[in-house]
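Below: the structure, in structure tokens.
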Amino acid sequence: MPGLSSPGRLIRELPRMARDLTVAKIDLGVARPNPVELNELSPAVSLTIFRLTGTMELYLQRADEKRKITFEPIAYPQMFLIDWFRVEHVYVANVAQPGKEAVIIAWKS
């Protein structure tokens, strides 16, 4: 969009390459009434909810209500990308949903 910086110049996002990734498969059949930290997903530069067959709540940085993101099932080819510059902590909470799972990719720098 023109005009975001000085006249005649555009703001350009510089690419942040991920040098590594971690894929976490989370069994939603296990109840997590209180947010549980997923240490294998952090630190990261972004997260992708690749597959979600149930429901869950995701928290970034801190496990408090202000940070809660509620997710409904996501079916391929849909995915959800969280592009956050520095994800230090990832927490998940869910009710028990036998046979359901979440697959989250953490893109690491």
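Take 659 as the starting number for the sequence shown in our numbering and just add one per residue. Think of the CB as a built atom: it goes at the ideal place given N, C-alpha and C, for glycine as much as any other residue. No experiment lies behind these values; they were computed from the predicted model shown.
Cβ pair residue i, residue j closer than 8 angstroms
i	j	result
Ile762	Leu679	no
Ile639	Leu710	The first residue shown for the chain is 659 and the last is 767, placing residue 639 beyond what the model contains.
Val745	Pro701	yes
Asn752	Thr706	no
Where the beta strand (DSSP E) through residue i begins and ends
i	result
Lys766	Glu759 to Lys766
Ala754	Looking at the DSSP string, Ala754 is not in any beta strand (DSSP E), and its letter there is neither H nor E.
Lys726	Lys726 to Phe729
Ile740	Phe738 to Val745
Asp685	Asp678 to Asp685
Whole-angstrom distance between residue j and residue i, CA atom to CA atom
i	j	result
Lys758	Ala689	11 angstroms
Complete beta strand (DSSP E) runs within the segment 687-714 (minimum length 3 residues, chain order):
Complete beta strand (DSSP E) runs here, min 3: 690-695 and 702-710.
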